[in-house]
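In our numbering, the protein residues as written are 699 to 839. Think of the CB as a built atom: it goes at the ideal place given N, C-alpha and C, for glycine as much as any other residue. Given the structure is predicted, the values throughout are model-derived calculations rather than measurements. The structure appears below as structure tokens.
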């Protein structure tokens, strides 16, 4: 009788160990998530607890005219999503960036970050809807 209990416990542990990597793999990874078309770059920290940097293009009605960068840590939630509402460096062609409020919301699903980045109204930039896939720790391009 003791053997069968030990077998059940051992089988349960083996099963749990097999499922754990699958669950871990379903979340974000360390490195770069990029939307090449929109020029969105999301970089996660080494421990994958936060977004290290977020950058995306500022698109005007007539075309691209700048970008904004958030280079402070943004906490990643347990489901992989993140959001940020605060100041960012906004580049509009001047060497020195403006500082202005931005809002970012992103969900993580099927290995991609999908979301929206919204600029200040006075910037003239349209909201950026991005879909960034994983490119690795050191993407070469």
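Do residue i and residue j have their CB atoms nearer than 8 Å?
{"i": "residue 730", "j": "residue 834", "result": "yes"}
{"i": "residue 727", "j": "residue 741", "result": "no"}
{"i": "residue 772", "j": "residue 766", "result": "no"}
{"i": "residue 777", "j": "residue 806", "result": "yes"}
Taking the C-alpha atoms as reference points, what is the distance between residue i and residue j?
{"i": "residue 801", "j": "residue 768", "result": "10 Å"}
{"i": "residue 790", "j": "residue 825", "result": "16 Å"}
{"i": "residue 724", "j": "residue 747", "result": "15 Å"}
{"i": "residue 736", "j": "residue 828", "result": "7 Å"}
{"i": "residue 745", "j": "residue 811", "result": "17 Å"}
{"i": "residue 792", "j": "residue 754", "result": "17 Å"}
Who are the Cβ neighbours of residue i in its own chain at under 7 Å, not counting the five residues just before and after it?
{"i": "residue 809", "result": "831 and 832"}
{"i": "residue 803", "result": "781, 813 and 814"}
{"i": "residue 823", "result": "756, 757, 758 and 817"}
Which same chain residues, not among the five before or five after residue i, have their C-beta less than 6 Å away from its C-beta?
{"i": "residue 764", "result": "756, 789 and 790"}
{"i": "residue 796", "result": "788"}
Who are the near neighbours of residue i in its chain, counting only those whose CB is closer than 8 Å to its CB and skipping five residues on each side?
{"i": "residue 799", "result": "783, 784, 785, 786 and 818"}
{"i": "residue 837", "result": "729, 730 and 732"}
{"i": "residue 743", "result": "728, 749, 750 and 771"}
By a C-beta neighbour count over all protein chains shown, 10 Å radius and 16 as the cutoff for buried, is residue i buried or exposed?
{"i": "residue 733", "result": "buried"}
{"i": "residue 774", "result": "buried"}
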